[in-house]
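Quick notes on the structure that follows.
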Amino acid sequence: MRAGLLYSLVLLTASALDSWGPYEVKENHRVPPPWTRAGRADSYLNITLHISLIPEDLGALERRLVQVSDPTHRDYGRFLTRNEAQELVKPPSAATSLAQGWLSTDDAGMEIASQHGGVTAVRAVRWSLPARLHDVVESVQPTTSFFHIRPRRMRRQHPDTSDNADLNEVAVEAVEGAGSLIDVHTIPLNLTVNDACNATAITPLCLRTLYGTLSYKPQVPGRSRMAVVNNAGQLNNRSDIALFLATYRPDAVAGAQSFQDIGIAGGANQQTPATPEQIQTGAGREGNQDAETMLGIAHPVQLTTYTIGDVEPPFTPDLPTPTNTNEPFLTRLDLILSLPDSDLPSVVSTSYADLEDTVPLSYAERVCRGFAQLGARGVSVIMGAGDQGVGRDGKCFLNDGGSLRPRFQVKFPESCPWPVSRYLSEIGDLHAGMFNPGGRAYPDIAVQGFRYVTVWNGETLLVDGTSASTPAFAAIVALVNDALIASGKPQLGFLNPWLYSEGYKAFRDVSVGSTSGCNTTGFPAKEGWDAASGWGTPWFPTLRELALQRRFTGVRPWYARWYL
């Protein structure tokens, strides 16, 4: 269970009624399972609210996004700076003044409610504003948002190992079996996938061979930058990364010391030995795997890590569970958006998500617009689509107040809009009513995500999941960007219009299997795009060739958000 204290915005004094008129409910959102109410919070508890105002032209950024991302449009490839992107989402000056005037009265307050598995959060089922502000304020968070970042999981022991077996020993055995296949110091030119890969342990050599990047040498590695975002508690330990690269990509060992780390909001990439508490919680395992995979595939492309500090105010120490869950996602997205253009990479790997029913519509729209702003500045954001198929068995219900109607679990922010309809006609009425046929269809593509080798805290581990696939595909995108930049063209940007019209030819179809879950068989793989594997797996030589053939009219990059 997650624990939390849930608030509703209310008026505290009669003076505000006089000056601003009656307060009316602006937004309602049901408490999503498995969150439960834990009672009212103490009056001394503080929470930092983020208030978003409605842009003057809600559709301006989206229209520009479509124009510069559509290969058939005359403005394809004409991109925006940070300031230009901000201008497209700016609220009217009168609206800003009105909101500031209301806040300056200091009369707005909160009342409380919620909880979910050892995690406490201050949240609400509704919030209210003066009626005259309803057309000005878009969102006040964290109130009705129950978004809870879910990091990568570590692979458990293989079923045929004893319950008492040491996980490091299991991983080392698997890796030794894979490592004996090839000498990574003298890789033959005619290496095949059968030679390079062993399903018991996936290494960089296997991934580079499987996706066709092995023979490609980056031409402008300092200009085609890739990045990973470390949320609070995640690290990239250079010693672990060096040990990993020395074993599986010896020519990339220097990358363990040369990657750039940028701290945001007090974030620090700790390089001292892990504390017992960090070992217990797995702090740094996520960050290590991201950096090891990206450097293992794309070195010497410059890697940047963004280490974000604990940016929200902590809970009062004497609360039963002082875990900080104050609006984790939007706050960190805004921090990335605040960076100057010169500090942004061409592609970012991020592996954190939650369920769509944990967030209200206004919050979802605000986050999606944030991604569009990032894209307007040339950032490709690669996200994982989750590890439980269409949802975790026994947990798939519609968040409608307790009817227990079955419904597939949709991930957010993966569900930011981009629909694909042809596949639905092929599966007919399969699972009808279990999903929204008019929503954003994902995944876009598929990448190997099973039994990745990782070094963490000096030990070898195996991890799996789409969040392991995410940095792998981000590294492939970085290599394509390198080829484009070397040819005098901007990096890939928002790929989906190109992907669904022509780029899909660079992906190898997966037509066997399904995304089982929610006590169902899930979505089946089919010929062409499907909701199990998207367009399939990437083949770098064709991807690079097709990308180099694209027509560009601008000189600055655009935006991509892909889902695995």
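For reference, each letter of the sequence shown is one residue, going -16 to -1, 1 to 548 in mature numbering (1 follows the signal peptide of the UniProt record, and there is no 0). Don't be surprised by glycine CBs; every beta carbon is placed ideally from N, CA and C. All values reported here derive from a predicted model rather than from experimental measurement.
Are the CB atoms of Val124 and Ala83 nearer to each other than 8 Å? In the sequence shown, residue 124 corresponds to position 140, counting from 1. In the sequence shown, residue 83 corresponds to position 99, counting from 1. No, they are not a contact pair.
Just confirm the distance between the C-beta atoms of Ala258 and Ala267, as a whole number of angstroms; I'd bet it's less than 8 Å.
Counting from 1 along the sequence shown, the entry for residue 258 is found at position 274. Counting from 1 along the sequence shown, the entry for residue 267 is found at position 283. Correct: roughly 7 Å between the Cβ atoms.
Which class does Arg14 belong to by DSSP, given the choice of helix, strand or coil?
Against the sequence shown, residue 14 aligns to sequence position 30. In the structure shown, Arg14 sits in coil (DSSP, three-state: anything other than H, G, I, E or B).
Note down, in chain order, each residue of its chain lying with its Cβ closer than 6 Å to the Cβ of Phe434, except the 5 sequence neighbours on either side. By 1-based counting over the sequence shown, the position of residue 434 is 450. Asp448.
Open item on the list: Since Ala515 and Thr504 should fall inside the 8 Å C-beta cutoff, what is the C-beta to C-beta distance between them, to a whole number of angstroms?
Closed with: Numbered from 1 along the sequence shown, position 531 holds the residue referred to as residue 515. Numbered from 1 along the sequence shown, position 520 holds the residue referred to as residue 504. Not quite, the Cβ-Cβ distance comes to about 13 Å (not below 8 Å), so this is no contact.
Original post:
For the 8 Å Cβ check, are there 3 or more pairs between the region 481 to 489 and the region 218 to 232?
Top reply: no
Practice task
Kindly indicate which residue of Thr438, Ile171, Gly43 and Ala78 has the alpha-carbon position closest to the one of Leu72.
Solution key: Indexing the sequence shown from 1 puts residue 72 at position 88. The shortest C-alpha separation from Leu72 is found at Gly43.
May I ask you to report which of helix, strand or coil DSSP gives Gln533?
For the purposes of this step, residue 533 is identified with residue 549 of the sequence shown, where counting begins at 1. In the structure shown, the three-state DSSP call for Gln533 is coil.
Go through the region 443 to 482 residue by residue and report every complete run of the alpha helix (DSSP H) that reaches 4 residues or more, in order. 450 to 470
| task | Using three-state DSSP, classify Phe228 as helix, strand or coil. | result | Here the question's residue 228 lines up with position 244 in the sequence shown. DSSP places Phe228 in helix when its eight states are reduced to three.
According to DSSP, residues forming a beta bridge with Val439:
By 1-based counting over the sequence shown, the position of residue 439 is 455. Looking at the DSSP assignment, Val439 forms a beta bridge with Thr444.
Beta-carbon contacts of Arg492 that lie in its chain and below 7 Å, excluding the five residues immediately before and after: On the sequence shown, position 508 is the one that residue 492 refers to. Correct list, in chain order: Gly520, Thr521 and Trp523.
- Task: Determine the closest residue to Leu33 out of Gly518, Ala459, Glu122 and Gln286, with distance taken between C-alpha atoms.
- Result: Position 49 of the sequence shown, counting from 1, holds the residue named residue 33. That would be Glu122, whose Cα lies nearest to the Cα of Leu33.
Would you report the Cα separation of Val439 and Thr231, rounded to the nearest angstrom? Translated into positions along the sequence shown, residue 439 becomes position 455. Translated into positions along the sequence shown, residue 231 becomes position 247. So the two alpha carbons sit approximately 10 Å from each other.
If you draw a straight line from the alpha carbon of Trp19 to that of Gln244, how long is it in whole angstroms? One-based indexing of the sequence shown puts residue 19 at position 35. One-based indexing of the sequence shown puts residue 244 at position 260. So the two alpha carbons sit approximately 38 Å from each other.
Starting from Tyr7, follow its DSSP beta bridges and name the residues at the other end.
Along the sequence shown, read from residue 1 onward, the residue named residue 7 stands at position 23. Looking at the DSSP output, Tyr7 shares a beta bridge with Pro114.
From which residue to which residue does the beta strand (DSSP E) around Ile186 run? One-based indexing of the sequence shown puts residue 186 at position 202. Segment: none, Ile186 is in no beta strand (DSSP E) and carries neither H nor E.
(message) I'd like to check one pair, Ile248 with Thr291: are the Cβ atoms closer than 8 Å?
(response) Looking up residue 291 in the sequence shown gives position 307. Looking up residue 248 in the sequence shown gives position 264. Remark: C-beta atoms of Thr291 and Ile248 approach each other more closely than 8 Å.
**Item:** Ala208, buried or exposed, once every other Cβ within 10 Å from all chains shown has been counted against 16
**Value:** As a position in the sequence shown, residue 208 is number 224, starting the count at 1. Here residue 208 turns out to be Ser, not Ala, going by the sequence shown. That one is buried.
- Item | From Gly518, Met210, Ile366 and Tyr195, residue whose alpha carbon lies closest to that of Val494 | The residue given as residue 494 occupies position 510 in the sequence shown. Looking at the Cα atoms, Gly518 is the closest of the given residues.
Q: Give me the Cα-Cα distance between Gly61 and Thr454, rounded to the nearest whole angstrom.
A: Translated into positions along the sequence shown, residue 61 becomes position 77. Translated into positions along the sequence shown, residue 454 becomes position 470. In a straight line, the C-alpha of Gly61 is about 25 Å away from that of Thr454.
* Taking 8 Å as the cut-off, decide whether the C-beta atoms of Gly271 and Asn214 are in contact. => For the purposes of this step, residue 271 is taken as the residue at position 287 of the sequence shown. For the purposes of this step, residue 214 is taken as the residue at position 230 of the sequence shown. For Gly271 and Asn214, yes; Cβs fall inside 8 Å.
Next on the checklist: Which residue wins for smallest C-alpha separation from Lys10, given the options Asp41, Arg110 and Asp59?
Outcome noted: Your numbering for residue 10 matches position 26 in the sequence shown. Comparing Cα positions, the closest option is Arg110.
- Item | Neighbour-count burial assignment, Thr289, 16 or more Cβ in a 10 Å radius | Taking the first residue of the sequence shown as 1, we reach residue 289 at position 305. Buried.
Review point. What distance in whole Å lies between the Cβ atoms of Val461 and residue 610, which are believed to be in contact at a cut-off of 8 Å?
Key: There is simply no residue 610 to check, as the chain begins at -16 and stops at 548 in what is shown.
Exercise. So, helix, strand or coil for Ala211, using DSSP?
Worked result: For this step, residue 211 is matched to residue 227 along the sequence shown. Looking at Ala211 - three-state DSSP - the assignment turns out to be strand.
| Buried or exposed: where does Gly23 fall if 16 or more other Cβ atoms within 10 Å of its Cβ makes it buried? | Here the question's residue 23 lines up with position 39 in the sequence shown. Classification for Gly23: exposed.
_Using the three-state DSSP reduction, which class does Ser364 fall into: helix, strand or coil?_
Mapped onto the sequence shown, residue 364 falls at position 380. In this structure, Ser364 counts as strand in the three-state DSSP scheme.
So, Val343 versus Ala458, is the Cβ gap smaller than 8 Å? Position 359 of the sequence shown, counted from the start, is the residue given in the question as residue 343. Position 474 of the sequence shown, counted from the start, is the residue given in the question as residue 458. The answer is no: Cβ separation not under 8 Å.
**Request:** Apply the 10 Å Cβ neighbour rule to Asp428 and answer buried if 16 or more other Cβ atoms are within range, or exposed otherwise.
**Result:** Numbered from its first residue, the sequence shown carries residue 428 at position 444. Buried: at least 16 other Cβ atoms inside 10 Å.
* Asked: Between the beta-carbon of Arg269 and the beta-carbon of Leu64, is there less than 8 Å?
  -> Along the sequence shown, one-based indexing puts residue 269 at 285. Along the sequence shown, one-based indexing puts residue 64 at 80. The Cβ-Cβ distance between Arg269 and Leu64 does not fall below 8 Å.
key: Leu37 versus Asp54, Leu87 and Thr277, residue with shortest Cα-Cα distance   = As a position in the sequence shown, residue 37 is number 53, starting the count at 1. Residue Leu87 is the option with its Cα nearest to Leu37.
* Identify which residue in Gln254, Ile186 and Leu345 has its Cα closest to the Cα of Thr127. => Reading the sequence shown from its first residue, position 143 is the one you call residue 127. Nearest of Gln254, Ile186 and Leu345 to Thr127, Cα basis: Leu345.
- Residues bridged to Val331 [DSSP beta-bridge criterion]: The residue given as residue 331 occupies position 347 in the sequence shown. Per DSSP, Met210 and Ser364.
Arg233 by DSSP, collapsed to three states: which one?
Residue mapping note: residue 233 aligns to position 249 of the sequence shown, counting from 1. Note: Arg233 maps to coil in three-state DSSP.
Quick one: what's Leu37 bridged to in DSSP? Translated into positions along the sequence shown, residue 37 becomes position 53. Looking at the DSSP assignment, Leu37 forms a beta bridge with Val121.
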